[in-house]
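Take a look at the structure set out below.
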Amino acid sequence: MAGSLKREPSDAVEESHEINVTPLIDVMLVLLIIFMVAAPLSTVDVPVDLPTSNAQPKPRPAEPLFITVKADLTLAIGNDPLPREAIKAALDARTKGDTEQRVFVRADRSVDYGSLMDAMNLLRSAGYLKIGLVGLEAAPQAGAPAGATGGGKP
Numbered sequence: 031m032a033g034s035l036k037r038e039p040s041d042a043v044e045e046s047h048e049i050n051v052t053p054l055i056d057v058m059l060v061l062l063i064i065f066m067v068a069a070p071l072s073t074v075d076v077p078v079d080l081p082t083s084n085a086q087p088k089p090r091p092a093e094p095l096f097i098t099v100k101a102d103l104t105l106a107i108g109n110d111p112l113p114r115e116a117i118k119a120a121l122d123a124r125t126k127g128d129t130e131q132r133v134f135v136r137a138d139r140s141v142d143y144g145s146l147m148d149a150m151n152l153l154r155s156a157g158y159l160k161i162g163l164v165g166l167e168a169a170p171q172a173g174a175p176a177g178a179t180g181g182g183k184p
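Per my numbering, the sequence shown starts with residue 31, numbered consecutively.
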């Protein structure tokens, strides 16, 4: 035991300027135990014997079919304007009646969600259920980190 046999006449308690590390060690031990318990749980694998696929990938269409919803809510197939009531006839003419062909829908930025859904419902009522949505990828801005997108137009 360390102690002092000398008594000072002032009976003042001497201040200790050392850091008490006991709470720090307690917290570190608790964290160590938590990580020791949690680490094996995060690496649990379920063995699954997946079947192999022998299907050939479908070739991409030579000319994809685009339906465009313009800012004034008119429709176009490719670059040709199209009235809403003639969409089935125009699609059947382009696809030769193949309703299994994928139709790509692109819309102007100012088109609201409801109007886009109306156009997709027109496609569905015409029998075209394979619909893909087309969007523009934003170009990274100068000085921006990779993966960051700007709020402006690309």
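Don't be surprised by glycine CBs; every beta carbon is placed ideally from N, CA and C.
Secondary structure of Leu112, DSSP reduced to three states = Walking along the sequence shown from the start, residue 112 turns up at place 82. If DSSP states are grouped into helix, strand and coil, Leu112 belongs with the strands.
Distance, Leu54 Cα to Ser46 Cα = Reading the sequence shown from its first residue, position 16 is the one you call residue 46. Reading the sequence shown from its first residue, position 24 is the one you call residue 54. So the alpha carbons of these two residues sit roughly 18 Å apart.
Kindly identify the DSSP beta-bridge partner or partners of Thr98.
-> Here residue 98 is taken as the residue at index 68 of the sequence shown, counted from 1. DSSP lists Ala106, Arg136 as partners of Thr98.
Whole-angstrom distance between Thr129 and Asp102, CA atom to CA atom = Here the question's residue 102 lines up with position 72 in the sequence shown. Here the question's residue 129 lines up with position 99 in the sequence shown. Each residue's alpha carbon lies about 27 Å from the other.
C-alpha gap between Gln86 and Val67, whole angstroms | One-based indexing of the sequence shown puts residue 86 at position 56. One-based indexing of the sequence shown puts residue 67 at position 37. Using only the alpha carbons, I get a separation of about 45 Å.
In the DSSP assignment, what residue or residues form a beta bridge with Ile161?
-> Residue 161 sits at position 131 when you count from the first residue of the sequence shown. Beta-bridge pairing links Ile161 to Val133.
Would you identify the three-state DSSP class for Arg124, choosing helix, strand or coil?
-> Working through the sequence shown from its first residue, we reach residue 124 at position 94. Here Arg124 sits in helix by DSSP.
Under three-state DSSP, which class holds Arg90?
-> On the sequence shown, position 60 is the one that residue 90 refers to. Coil at Arg90, not helix or strand.
Does DSSP classify Asn84 as helix, strand or coil?
-> Numbered from 1 along the sequence shown, position 54 holds the residue referred to as residue 84. Asn84: coil per DSSP, three-state reduction.
Are the CB atoms of Lys9 and Arg132 nearer to each other than 8 Å?
-> The structure shown does not extend to residue 9, since the chain is modelled only from 31 to 184, so the question has no answer here.
Around the C-beta of Leu153, are 16 or more other C-beta atoms found within 10 angstroms, so that it is buried, or is it exposed?
-> Taking the first residue of the sequence shown as 1, we reach residue 153 at position 123. Burial call: buried.
Roughly how many whole angstroms lie between the Cα atoms of Ile49 and Met58?
-> Position 19 of the sequence shown, counted from the first residue, corresponds to residue 49. Position 28 of the sequence shown, counted from the first residue, corresponds to residue 58. Using only the alpha carbons, I get a separation of about 16 Å.
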